[in-house]
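Notes follow the structure.
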Amino acid sequence: MTVYEVRVAGRIDPSWSGWFADFTLTPEPDDTTTLRGTIADQSELHGVLARIRDLGLPLISVTPTTRRD
Numbered sequence: 542m543t544v545y546e547v548r549v550a551g552r553i554d555p556s557w558s559g560w561f562a563d564f565t566l567t568p569e570p571d572d573t574t575t576l577r578g579t580i581a582d583q584s585e586l587h588g589v590l591a592r593i594r595d596l597g598l599p600l601i602s603v604t605p606t607t608r609r610d
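Right under this line is the structure:
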């Protein structure tokens, strides 16, 4: 499992974290949101990215930060 940080343009209310595989959502001062959470595999990551696409939020970055096995 890998912990990812995903940044998107715009703000997502932290109450939506359950919709994003229980990621922690952090609104940033620059009108972006950082999503941070553990992803089991590429399929799960693509699911999170599809949700971001479905909301119409521009993707800024996807960064794997640490690996947990």
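Start counting the sequence shown at 542; every next residue gets the next number (my numbering).
All C-beta atoms in this analysis are idealised placements derived from N, C-alpha and C, irrespective of residue type, glycine included.
Legend entry - Residue of GLY551, GLY559, THR543, PRO605 minimising C-alpha distance to GLY597: GLY551
Inset, instruction - Drop a sphere of 10 angstroms on the beta-carbon of LEU600, count the other beta-carbons inside from all chains shown, and report buried for 16 or more, exposed for fewer. - result: Classification for LEU600: exposed.
Legend entry - Short CB-CB distance (under 8 Å) between ILE601 and chain C: Of the protein chains in the structure, only one exists, and it is not chain C.
Inset, instruction - Could you tell me the distance, in whole angstroms, from the CA atom of ASP495 to the CA atom of ARG548? - result: One cannot answer for residue 495 here, as it falls past the ends of the chain, which runs 542 to 610.
Inset, instruction - Write down the C-beta distance between THR543 and PRO605 rounded to the nearest angstrom, noting that I regard them as a contact closer than 8 Å. - result: 5 Å
Inset, instruction - List the endpoints of the continuous beta strand (DSSP E) containing SER602. - result: 600 to 608
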